[in-house]
Each structure stands twice: as C-alpha cells, then as structure tokens.
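Visitor: Here the protein sequences line up with chains C and B, keeping their order.
Our numbering numbers the first residue of the first sequence as 181 and each following residue consecutively.
Our numbering numbers the first residue of the second sequence as 181 and each following residue consecutively.
From the three backbone atoms N, C-alpha and C, an ideal C-beta is built for every residue, glycine too.
Number of protein chains: 2
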Amino acid sequence: MYDMYELLLQLPLFQGINRARLGELIEKTKFHFLKYPSGSQLVKKGDHCTHLKFLISGKIRTELSNMNGKIHISEEFDAPNVIAPNFLFGAVTSYPYDVFAVEETGIMQIDKPTFINLMQSEEIFLLNMLNITSNKSQKSLESFSFFTSGDMKEKLACWILNFTNRKANNIKIVCKQKELYTFFGVQRSVFLYALNELKDMKIIDYDMRQISVLDRYALQQVSVS
Amino acid sequence: MYDMYELLLQLPLFQGINRARLGELIEKTKFHFLKYPSGSQLVKKGDHCTHLKFLISGKIRTELSNMNGKIHISEEFDAPNVIAPNFLFGAVTSYPYDVFAVEETGIMQIDKPTFINLMQSEEIFLLNMLNITSNKSQKSLESFSFFTSGDMKEKLACWILNFTNRKANNIKIVCKQKELYTFFGVQRSVFLYALNELKDMKIIDYDMRQISVLDRYALQQVSVS
C-alpha cells in the first residue's frame, strides 16, 4: 500500500498533497482496484468516460486512429499515469482511443461524482485538475505558434509533437508513407530525405509501414530550430 | 444590472445557475468592472493572467501570431464572452494573444483566488470550468481525427478550424499567400484553385494579403466531406 502512495504522489493530480492526507483520502474515498492481464483491452475507443482511471502498475498502450482509419498513432505509458483525464468533462466524454495492457497492469479508478466531491473538498485536486486540462488545451495554440513554412523535417516534428504526449514511450505512427507525404504535399523523395535526416540524428527510426519516435525531446529541438 | 445578469447567464461558465443565485453571488463576490474605449488594448500577449475577464458589453478582437511573426489570425467576439479562460491555469498562465476593443467595451473581472473560492463553494462553476478547459483540450485530438490526405480545400478548412473559435466573427488570416502554400507544400496555382472554390461557395473571401472566413460553419462541412 505504501508503495502505491509513493507512486500516486508522482502524478500531477496528486501534486502538493502530503502523504498522510493521501492515506486518509484513499481510505475514505471509493477507489476501485482492477487488474488486467497482458494483452487485454482496458478501454475501447468510444466507451463512455465514467471514471478517472489511474495506471498504478504495469504499462499501457493507447491507439488513436484518424477518421478514415489510415493513420494510427500508438504510445506507451508506464505507471503512474492517468488515462485521458481531459475526457471526463467537456463536449466529448468518451475515450478518443483504444487502451491495451502491454503487460499485467493495475488500475485504480474513481467514479466521476466521487471525484467531483474530492475536488470540492480538497482545493489542491481542483487546482491540479484545472492545470491538467488547461495544459492540454494550450497545445493547439502552441502548435500554431510553431507553425512554420520551414523544411519538411520541422513540419514533421511539429506534427508528431502536436499529436503525442511528453511522457509517452515507444511512440509509433503506423501508416503508409504515401498518406503522410500526400498530406504534407511533398514528393516521396523529399519526405524520405527528411526521414533519413531524422534517422541519422537518431531521433526516429522508420520502415515501410511505420515511424518510431526514439527521442521525442530531441524532436522538440528540431521543431524550433 | 438585470440586463447584465441575462447576459452572463448566456455564458457557458454560468450555465445552470439560476438568476436569483447569480444576483447573490455577484453582490457578495469581488467583481471589478472596467471600461475600454474603442481601439484601446485590453490585454497584451504575454501579460500574466491574474483575472478571469468577462466581456459584458461591446466587442473585442484577438490577434494571434506565429513564432516568426509572419502569420496572424484575428478574430472578433461579441459580448458576452470570456477571454482565454484556459490560460488562467496550466503551464502557461500568460495571454497567448493581444486583445483590442473594437468598440467601447465593458469588462467584468474576478481575480484568481476569488474564482477558486467560487468554484469550491458552487459545484456548478467547477463543472462548467472543467467543461470549458476540457472542451478546448479535446481540439487537438479532434484535429487529428480530421487529418486527411485529401484535397487542398479540406486541408485548409481543417487548418483554419483548428486555430479559430466556434463563436468568433470576422475571422481573418493575415499573411502572404506564399507562407501558406509553402507550408502546405503546394504550388501557388493549386492553392489559388482551392481559395477560389471556397470563395465561390461563399465560405471565404481573400485578397493578396489576407483570407476572411465568411462562414465557419460551412467550413466544418468542407473538412469532413
């Protein structure tokens, strides 16, 4: 149990809570604990978001697809993490992606009404939750400010950063290369040249059907260079 | 005063509050009222967000620029509205754009600590604020789902929708055409063809230095067609 407290205290939502208070809260709050075997599905895209789900052990993979189903972004997250906290409220309260357990995974969840009570009784949860949702909302204007007529490498970097998460590992963009170079409006050779440059910099790797992000932080440097 | 209540009740933040309760709250809460003459600047990009600012009369224009200063998006908002509610919390708590009074404009503002108290005492403000910030945060994944390798018209529609607001009027994208067609990686003729199609549909108008959005709703239809 104590290990779990340490873990939860690493999450942005629990930032600023002291350990003793967290213990009290977890005892008196209706948290549910679930286990998922490796490979099983935790969440289906479109499922209604009725709970806030904390990843407390193991590893998950999210899979996001565009509307025509031709481009997929997959990302992995280690414990501790929260699944789609910005889809518990707002116009869309269903999950935007599928979520799978990459290994045996533990989830702690709290239902929406209980979480609302928690935010009302503990200011710190309220502030943390507003910081989380506001943070995510600032991303689209941020991506505008990085908008550039620069080279293909920069454009690709901006595009990947816009749709992926800072804390994600093993980020993969799965699609035919043609989908991407058609979107970016460049010739295949120009697109491949940019991919090769990024590969030489050890920032990405790629093959015919996917791009793997090896170093998302370095990608940020490319996008603002 | 009563007219102002009616006005505020139209805002998403006040949704679900009844009029009598709103009257009580406004009397006991420290709201400040400010007037700005036509043409004056209310907010400078980079100003620290210390208050939640409600537009209660008149009209404002926001001006957003990308990092190299070559592309500008300007949008107008009528009262009632809230200015940048998703920059009061989060990693960035400074205004992302300049804000000007288009005509004589009235602002009602509340400081951050007082607003936090309000959310703690009135669940409905808390829920409305979480809905607002979550809504805005859902935009970047939404734009991914609309991501398409489709024609120039669709791409331009997606791009404009991503960086502008549903309730905005008189949306203008001010930049050299070259900046945009270089970004989209198309020839000038292909870009002009798309602009002309959208113009013929009465969705936009354009000249050498700007694109004006005449019908943002119709643009949404183009982006998903």
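#1: Name the residues in the stretch 294-308 of chain B whose C-beta lies less than 8 Å from a C-beta of chain C; which are they?
#2: Starting from the C-beta of Gln367 of chain C, find all residues in its chain whose C-beta is less than 8 Å away, skip the five residues before and the five after it, and write them out in chain order.
#3: How many Å lie between Glu284 of chain B and Tyr216 of chain B at the Cα?
#4: Short of 7 Å in beta carbon distance, which residues of its chain neighbour Cys229 of chain C, apart from the five on each side in sequence? Order them along the chain.
#5: With distances taken Cα to Cα, identify the nearest neighbour of Phe234 of chain B among B:Ile251, B:Phe213, B:Lys250.
#6: Given that a residue counts as buried once 16 or more other Cβ atoms are within 10 Å of its Cβ, and exposed if not, what is Gly365 of chain B?
#7: Just curious, the beta strand (DSSP E) that Ala281 of chain C is in, first and last residue?
#8: So if I threshold CB-CB distances at 9 Å, which residues from the stretch 257-277 of chain C count as touching chain B?
#9: Look at the alpha carbon of Gly203 of chain C and the alpha carbon of Leu232 of chain C, and state the distance between them as a whole number of angstroms.
#10: Anything in the stretch 211-244 of chain B with a Cβ closer than 8 Å to a Cβ of chain C? List those residues in chain order, please.
#11: What ranges does the beta strand (DSSP E) occupy inside the stretch 209-292 of chain C, keeping only unbroken runs of at least 3 residues that lie completely in it?
#12: Using the C-alpha atoms, what's the distance from Lys358 of chain C back to Asn153 of chain C?
#13: State the Cα-Cα distance for the pair Leu188 of chain B and Gly226 of chain B, rounded to the nearest angstrom.
#14: Assuming Val402 of chain B and Lys333 of chain B make a contact with CB atoms under 8 Å, what is their CB distance in whole Å?
#15: Using the rule of at least 16 other Cβ atoms within 10 Å of the residue's Cβ for burial, across every protein chain shown, is Asp278 of chain B buried or exposed?
#16: With a cut-off of 8 Å on the beta carbons, I'd call Ile253 of chain C and Phe343 of chain C a contact; round off their distance for me.
#17: Which two residues bound the contiguous beta strand (DSSP E) that contains Val354 of chain C?
#18: So, with DSSP's three-state summary, where would you put Thr390 of chain B?
#19: Compare the C-beta of Leu341 of chain C against all C-beta atoms of chain B and say whether one is closer than 8 Å.
#20: Flag this pair as yes or no: are the beta carbons of Met309 of chain B and Leu191 of chain B separated by less than 8 Å?
#21: Looking only at its chain, what residues have a beta carbon closer than 6 Å to the beta carbon of Ile353 of chain C, apart from the 5 residues adjacent to it on each side?
#22: Could you tell me if Thr209 of chain C is buried or exposed, where buried requires 16 or more neighbouring beta carbons within 10 angstroms of its beta carbon?
#23: Using only the alpha-carbon positions, how far apart do Ile240 of chain C and Gln289 of chain C sit?
#24: Within a Cβ cutoff of 6 Å, which residues of the same chain sit near Gly196 of chain B, ignoring the five residues on either side of it in sequence?
#25: Span of the alpha helix (DSSP H) holding Phe194 of chain C?
#26: Could you check if Ala259 of chain C is buried or exposed, using at least 16 other CB atoms within 10 Å of its CB as the buried criterion?
#27: So, is the C-beta of Asn345 of chain B closer than 8 Å to a C-beta in chain C?
#28: Per DSSP, which residues does Asp385 of chain C bridge with? Please list them.
#29: On the DSSP letters alone, give me the boundaries of the alpha helix (DSSP H) that Arg368 of chain B sits inside.
#30: Please work out which residues of its chain come closer than 8 Å, Cβ to Cβ, to Leu205 of chain C, disregarding the five sequence neighbours upstream and downstream, and give them in chain order.
#31: Among C:Phe324, C:Phe280, C:Ser220, whose alpha-carbon lies nearest the alpha-carbon of Asp247 of chain B?
#32: Please work out which residues of its chain come closer than 7 Å, Cβ to Cβ, to Glu399 of chain B, disregarding the five sequence neighbours upstream and downstream, and give them in chain order.
#33: CA-CA distance, Ser369 of chain C and Val282 of chain C?
#34: Note down, in chain order, every chain B residue with its Cβ under 8 Å from the Cβ of Ser320 of chain C.
#35: Rounded C-beta distance between Tyr185 of chain B and Arg201 of chain B? I'm assuming under 8 Å.
Guide: Short version:
#1: Ile296, Met299, Gln300, Glu303, Leu306, Leu307
#2: Position 187 of the first sequence, counting from 1, holds the residue named residue 367 of chain C. Spatial neighbours of Gln367 of chain C in its own chain (CB-CB distance under 8 Å, excluding positions within 5 residues in sequence) are listed in chain order as Tyr361.
#3: By one-based count along the second sequence, residue 284 of chain B stands at place 104. By one-based count along the second sequence, residue 216 of chain B stands at place 36. Those two C-alpha atoms are separated by around 6 Å.
#4: For the purposes of this step, residue 229 of chain C is taken as residue 49 along the first sequence, with counting starting at 1. Taken in chain order, the residues that qualify are Ala264, Phe267, Leu268, Thr273, Ser274, Tyr275.
#5: Numbered from 1 along the second sequence, position 54 holds the residue referred to as residue 234 of chain B. Of the listed residues, the one whose Cα sits closest to Phe234 of chain B is B:Phe213.
#6: Locating residue 365 of chain B in the second sequence gives position 185, where the first residue counts as 1. When all chains shown are included, Gly365 of chain B counts as buried.
#7: Counted from its first residue, the first sequence places residue 281 of chain C at position 101. DSSP places Ala281 of chain C inside the beta strand (DSSP E), whose first and last residues are 278-281.
#8: For the stretch 257-277 of chain C, which is checked against every Cβ of chain B, the residues closer than 9 Å are Pro265, Asn266, Phe267, Leu268, Phe269, Gly270, Ala271, Val272, Thr273, Pro276, Tyr277.
#9: Here the question's residue 203 of chain C lines up with position 23 in the first sequence. Here the question's residue 232 of chain C lines up with position 52 in the first sequence. Computed Cα separation, rounded: 18 Å.
#10: Leu244
#11: 211-216, 221-223, 231-237, 239-245, 252-258, 261-263, 278-281, 285-291
#12: Lying outside 181 to 405, the shown extent of chain C, residue 153 of chain C is not represented and no answer is given.
#13: Residue numbering aside, residue 188 of chain B sits at position 8 when the second sequence is read from its first letter. Residue numbering aside, residue 226 of chain B sits at position 46 when the second sequence is read from its first letter. Rounded to the nearest angstrom, the two C-alpha atoms are 27 Å apart.
#14: Locating residue 402 of chain B in the second sequence gives position 222, counting from the first residue. Locating residue 333 of chain B in the second sequence gives position 153, counting from the first residue. Contact flag correct, Cβ pair sits at about 6 Å.
#15: Counting from one through the second sequence, the residue named residue 278 of chain B turns up at place 98. Buried.
#16: Taking the first sequence and counting its residues from 1, one reaches residue 253 of chain C at position 73. Taking the first sequence and counting its residues from 1, one reaches residue 343 of chain C at position 163. Right, the Cβ-Cβ distance comes to about 6 Å (below 8 Å), so this counts as a contact.
#17: Here residue 354 of chain C refers to the residue found at position 174 when the first sequence is read from its first residue. Unbroken beta strand (DSSP E) run through Val354 of chain C: 349-354.
#18: Translated into positions along the second sequence, residue 390 of chain B becomes position 210. Note on residue identity: the sequence assigns Gln, not Thr, to residue 390 of chain B. Gln390 of chain B falls in the strand class under three-state DSSP.
#19: To locate residue 341 of chain C, count along the first sequence from 1; it is residue 161. No, no contact with chain B.
#20: As a working mapping, residue 309 of chain B is identified with position 129 in the second sequence. As a working mapping, residue 191 of chain B is identified with position 11 in the second sequence. Against a cut-off of 8 Å, the Cβ pair of Leu191 of chain B and Met309 of chain B comes out as no contact.
#21: As a first step, residue 353 of chain C must be located in the first sequence, where it is residue number 173. So the qualifying residues of the chain are Ile253, Ile391.
#22: As a working mapping, residue 209 of chain C is identified with position 29 in the first sequence. Under a 10 Å Cβ-count criterion, Thr209 of chain C is classified as exposed, with fewer than 16 other Cβ atoms of the shown protein chains found around its own Cβ.
#23: Here residue 240 of chain C refers to the residue found at position 60 of the first sequence. Here residue 289 of chain C refers to the residue found at position 109 of the first sequence. Looking at the two C-alpha atoms, the distance is approximately 15 Å.
#24: Counting from 1 along the second sequence, the entry for residue 196 of chain B is found at position 16. So the list reads Ile304, once near-sequence residues are dropped.
#25: Here residue 194 of chain C corresponds to residue number 14 of the first sequence, with the count starting at 1. Segment: none, Phe194 of chain C is in no alpha helix (DSSP H) and carries neither H nor E.
#26: Numbered from 1 along the first sequence, position 79 holds the residue referred to as residue 259 of chain C. It counts as buried.
#27: Translated into the one-based positions of the second sequence, residue 345 of chain B becomes position 165. For Asn345 of chain B, the answer is no, since every Cβ of chain C falls outside 8 Å of its Cβ.
#28: Within the first sequence, residue 385 of chain C is the residue found at index 205, counting from 1. Looking at the DSSP assignment, Asp385 of chain C forms a beta bridge with C:Ser392.
#29: Start at 1 with the first residue of the second sequence, and residue 368 of chain B comes out as number 188. That run of the alpha helix (DSSP H) goes 368-380.
#30: For the purposes of this step, residue 205 of chain C is identified with residue 25 of the first sequence, where counting begins at 1. Once the five neighbours on either side are set aside, the close Cβ partners of Leu205 of chain C are Ile197, Leu298, Glu302.
#31: Against the second sequence, residue 247 of chain B aligns to sequence position 67. Looking at the sequence provided, one finds Met at residue 247 of chain B rather than Asp. Selected option, being the one with the closest Cα: C:Phe324.
#32: The residue labelled residue 399 of chain B in the question sits at position 219 within the second sequence. At residue 399 of chain B the sequence reads Leu, which differs from the Glu that was named. Closer than 7 Å at the Cβ level, and outside the excluded window around Leu399 of chain B, lie Ala337, Ile340, Leu341, Ile383, Val393.
#33: On the first sequence, residue 369 of chain C is found 189 positions in, with the first residue counted as 1. On the first sequence, residue 282 of chain C is found 102 positions in, with the first residue counted as 1. Computed Cα separation, rounded: 35 Å.
#34: The count along the first sequence starts at 1 and reaches residue 320 of chain C at position 140. Under the 8 Å cutoff, chain B gives Lys316, Lys319, Ser320, Ser323, Asn342, Phe343.
#35: As a first step, residue 185 of chain B is located in the second sequence; it is residue number 5 there, counting from the start. As a first step, residue 201 of chain B is located in the second sequence; it is residue number 21 there, counting from the start. So it is not a contact: roughly 10 Å between Cβ atoms.
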